[in-house]
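Engineer:
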Amino acid sequence: MAKQQTFADKAAKAAMMKGSKCPACGEIFQPILMVTSEKSSQSGSWKFNERRVQVCKCNEKKVYS
Ligand SMILES: [Zn+2]
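Heads up, the sequence shown is in the working numbering, so the first residue is 2 and it goes up one at a time.
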């Protein structure tokens with residue numbers, strides 16, 4: 002069982018490395034790291050959030066705007 006899980010993990014990782022295709026436009030997703038800053042209303046200090054976003058033709062305009 003443990004071996005099966007390891008294989009599944011590897012397969013999943015390999016698929017991530019290759020990039021998955023968007024079912025809507027057929028483009029390969031481009032994984033980008035988006036950093037957004039947010040000011041805490043309570044402490045007044047900035048905090049940064051890192052988010053991985055998969056970009057394809059469907060959402061590139063939204064992401065890069
Ligand atoms: Zn798409």
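Just so it is clear, CB atoms sit at the ideal spot from N, CA and C, and this is done for glycine as well.
Keeping to the same chain, check which residues put their C-beta closer than 7 Å to that of Glu51; ignore five residues upstream and five downstream.
Structural biologist: Leu34, Val36, listed in sequence order.
Engineer: Is Lys58 near ligand 1, going by C-beta to nearest heavy atom under 7 Å?
Structural biologist: For ligand 1, at least one heavy atom lies less than 7 Å from the Cβ of Lys58.
Engineer: Given this structure, state the Cα-to-Cα distance separating Glu28 from Lys58, to the nearest angstrom.
Structural biologist: The straight-line gap from Cα to Cα measures roughly 7 Å.
Engineer: So, for Phe49: in the same chain, excluding its five sequence neighbours on each side, which residues have a beta-carbon less than 6 Å away from its beta-carbon?
Structural biologist: Contacts found: Val36, Ser38.
Engineer: Go to Lys58, then tell me how far its alpha helix (DSSP H) extends in each direction, as first and last residue.
Structural biologist: Segment: none, Lys58 is in no alpha helix (DSSP H) and carries neither H nor E.
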